[in-house]
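S.K.: From first to last, the protein sequence lines stand for chains A and B.
Going by this note's numbering, the first sequence opens with residue 1140, and the numbers climb by one from there.
Going by this note's numbering, the second sequence opens with residue 66, and the numbers climb by one from there.
This is the structure I have questions about; it appears just below.
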Amino acid sequence: MSADASSSPSPPNQPAQLVEHFFRHEKGRLHGALVRLLGVHNLSLAEDVAQEAMLRALRTWSMGGVPANPSAWITQVAMNLARDALRHRKMASGKEGAIITHHEQMTATPAVAWEAAQEIRDDALRLMFVCAHPAIAPDAQVILALKILCGFSTGEIARAFLATESAIEKQLTRTKQRIAESGIGFELPEGENLAPRLDGVLAVIYLLFNEGYKASSGDRLLREELCQEAIRLGGLLVAHPAGRSPRCHALLALMLLTSARFPARLDDQGGLLRLDDQDRTKWDRQLIAQGLGHLGQAAQGHDLSEYHLQAGIAALHCLASDYASTDWEKILLHYDELLKLKPSPIVALNRAVAIAHLHGPQAGLDTIATIPQREKLDQHYLLHAVTGELHWRLKNHQAAAWHFRRALALAQVGPEQVYLSRLIERADPASANPTRSFG
Amino acid sequence: MSTSPDSSAAYLLIFRNTGAENYRHLSAQQQQELVGRWNAWFEDLLARGKATIGQPLEDATRIVAGPGGSRVVDGPFPEAKEAVGGFVTLQVSGLAEATAIAQRHPGLEFGMLIEVREMTPHCHLGVNTRTVTATA
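Structure (structure tokens):
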């Protein structure tokens, strides 16, 4: 999207402007083009070349202004640097020599514009398949995608994950070794391979989105950018014939509908606001409309994935004009299906919340008591927060306070802790800490 | 201070130590921000009629010396701190204003050095240097 906008010529005498995140996205795009040229085993070299091209752009554009087509400018520089790098490595033996020849042919004949655009889209998708390769562990896939596809620096990734830069650096090095050892190729999976590999890509995008969505205490702005990146990658995917499947649309719908609520998620002090406390006029109508559009496209065909069901739940929340008019019956149906499709204690807990809304807090508590493998949730603050809330509604204030305290002890994240402290004060005012004036 | 009759003088800002190493640690986002701030600095000067030309220089350097230019040496040379990365010409009231403009340069926080030099109003052939037109 951004590359298109940036390549439009600027009016004469008006300095060209770079679209938002141009450098970051351009880096991801360059990685795709360079890996196609250099091979997946040369991923680090591709990164070095891309970085060098960005530095050239920085120095030249700082002192000489931004060119009318910055994307073409930087691609040309990167391709020249890649050729130099290959020459410098003296890899003129058979294979690498062929690469140079291939590259020279490529740069000698200027590609037809649409062909080039097609190539760029393919490269981005191929790179997604590399990052989501089953030989790489899910956590490592997300980190690699942030670095390679999204153009984040290790410092930014470290800030988003509250890790040290050297830890991220080490993990990336291991991942790239693994890629080189596994002989991962740079192609679009075809035939029966496509669907399972595509599921892998969706899983990475979803993980990436969840990393950003979690109310973790990492850099908040950066985390919102993770969500935006996940949405951008989802958009690239559904724009491509190989990625245009109903469940891709479903995932994109889920992410759009969820992020539509971001502007209402926090109060003025940065505290978490639950769905029933959120100012729904702050929800982003445009994102909701886009999300519903993709949900419609997701419904074409017979596929019903977990993304379909979760997007459906998100849509039901977005369509309710206020909390009281939420269609809990439909939401419960979605959770029933989701539980069949992907049984997990967390889904079961969310289902119990829907039951409590429909049949009262005691029914909710009874449902929680029957969750299979409930012990897996014992260390999760959410189980105790929900249980506490249901006790509160039953006016068991003592039990409510007890569960809120357990939840607080397990919550690791600032906003969640503040939120739970408020609930404890409400349930057990005598225990309130008078110094916590903001409540 | 100024030798120009209309109390406006031409100054040259020479940018040194602008090598890639200075910016390698920046994230893509920070790199883009720096490009934006740097261009804003220059465009503001252009808009106010303070800057006349601004140009980056390629790293490749050739030095010609000796009688008849008998010695030709190609660079770049190892002292990156000394290398000139670009320049800007100014039309300002004097050294104080040229200095103040240089002090606002966003590249300074990344190690850049700016040399401020007054350009003599006439070249040795007597051609007025004001005939230089703004091209940036």
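Yeah, the Cβ is synthetic: ideal placement off N, Cα and C, and Gly gets one too.
Considering just the uninterrupted stretch of the beta strand (DSSP E) at A:Ala-1302, what are its terminal residues?
M.R.: Looking at the DSSP string, A:Ala-1302 is not in any beta strand (DSSP E), and its letter there is neither H nor E.
S.K.: How about B:Gln-96: is its C-beta nearer than 7 Å to some C-beta of chain A?
M.R.: yes
S.K.: Classify B:Pro-143 as helix, strand or coil using the three-state DSSP reduction.
M.R.: coil
S.K.: So what does DSSP say about B:Thr-126, is it helix, strand or coil?
M.R.: coil
S.K.: Just checking, does the segment 112-124 of chain B make contact with the segment 1555-1570 of chain A on the three C-beta pairs under 8 Å criterion?
M.R.: no
S.K.: Can you find the residues in the same chain that come closer than 6 Å, C-beta to C-beta, to A:His-1536, ignoring five residues on each side of it along the sequence?
M.R.: Ala-1566
S.K.: Select from the segment 1462-1478 of chain A all residues with a C-beta closer than 8 Å to any C-beta belonging to chain B, and list them in chain order.
M.R.: Shown here is that no member of the segment 1462-1478 of chain A has a Cβ falling below 8 Å from a Cβ of chain B.
S.K.: Do B:Leu-99 and B:Val-153 count as a contact pair if the criterion is CB distance below 7 Å?
M.R.: By the CB criterion at 7 Å, B:Val-153 and B:Leu-99 fall outside the cutoff.
S.K.: With a CB to CB cut of under 6 Å and the five nearest residues on each side skipped, what residues in its chain are close to A:Leu-1562?
M.R.: Phe-1543
S.K.: What are the start and end residues of the beta strand (DSSP E) that includes B:Gln-156?
M.R.: 149-157
S.K.: Any contact between the segment 1155-1175 of chain A and the segment 1296-1303 of chain A? By contact I mean 3 or more CB pairs, one from each, below 8 Å.
M.R.: Touching, no.
S.K.: So, at 7 Å on beta carbons, what are the nonlocal neighbours of A:Thr-1248 in its own chain, with the 5 sequence-adjacent residues on each side left out?
M.R.: In this predicted model, A:Thr-1248 has a pLDDT of only 44, less than 50, meaning its place in the structure is not dependable; the value taken from the coordinates is given anyway. Excluding residues within five positions, none has a Cβ falling inside 7 Å.
S.K.: Have a look at B:Pro-141 and B:Glu-86 and give me their C-alpha separation to the nearest angstrom.
M.R.: 15 Å
S.K.: Using a Cβ-Cβ distance cut-off of 7 Å, determine whether B:Val-100 contacts chain A.
M.R.: yes
S.K.: Output needed in chain order: residues of the segment 1180-1201 of chain A with a Cβ under 8 Å from some Cβ in chain B.
M.R.: Within the segment 1180-1201 of chain A, the residues whose Cβ lies closer than 8 Å to some Cβ of chain B are Gln-1190, Glu-1191, Met-1193, Leu-1194, Arg-1195, Ala-1196, Leu-1197, Arg-1198, Thr-1199, Trp-1200, Ser-1201, listed in chain order.
S.K.: When the Cα atoms are used, what is the spatial distance from A:Leu-1478 to A:Val-1492?
M.R.: If you take the alpha carbons of A:Leu-1478 and A:Val-1492, they lie about 14 Å apart.
S.K.: Could you tell me if A:Ala-1391 is buried or exposed, where buried requires 16 or more neighbouring beta carbons within 10 angstroms of its beta carbon?
M.R.: As written in the sequence, residue 1391 of chain A is Leu, which differs from the Ala given in the question. Burial call: buried.
S.K.: With distances taken from CA atoms, which of A:Thr-1526, A:Ala-1319, A:Pro-1385 is nearest A:His-1441?
M.R.: A:Pro-1385
S.K.: Can you tell me whether DSSP reads A:Gly-1351 as helix, strand or coil?
M.R.: helix
S.K.: In chain order, what residues of the same chain lie with their CB nearer than 7 Å to the CB of B:Trp-106, ignoring the 5 residues before and after it?
M.R.: Arg-169, His-170, Pro-171
S.K.: For B:Tyr-76, report the span of its beta strand (DSSP E) as first-last.
M.R.: 74-81
S.K.: Is A:Lys-1273 buried or exposed, if buried means 16 or more other CB atoms sit within 10 Å of its CB?
M.R.: Reading the sequence as shown, one finds Pro at residue 1273 of chain A and not Lys. Exposed is the call here.
S.K.: Could you tell me whether the Cβ of B:Ser-73 comes closer than 7 Å to any Cβ of chain A?
M.R.: no
S.K.: CB B:Leu-155 to CB B:Tyr-88, shorter than 7 Å?
M.R.: no
S.K.: So B:Gln-120 is in the beta strand (DSSP E); what residue range does that whole segment cover?
M.R.: Looking at the DSSP string, the run of the beta strand (DSSP E) that includes B:Gln-120 is 116-121.
S.K.: Three or more C-beta pairs closer than 8 Å, one from the segment 1305-1325 of chain A and one from the segment 1262-1276 of chain A: is that the case here?
M.R.: yes
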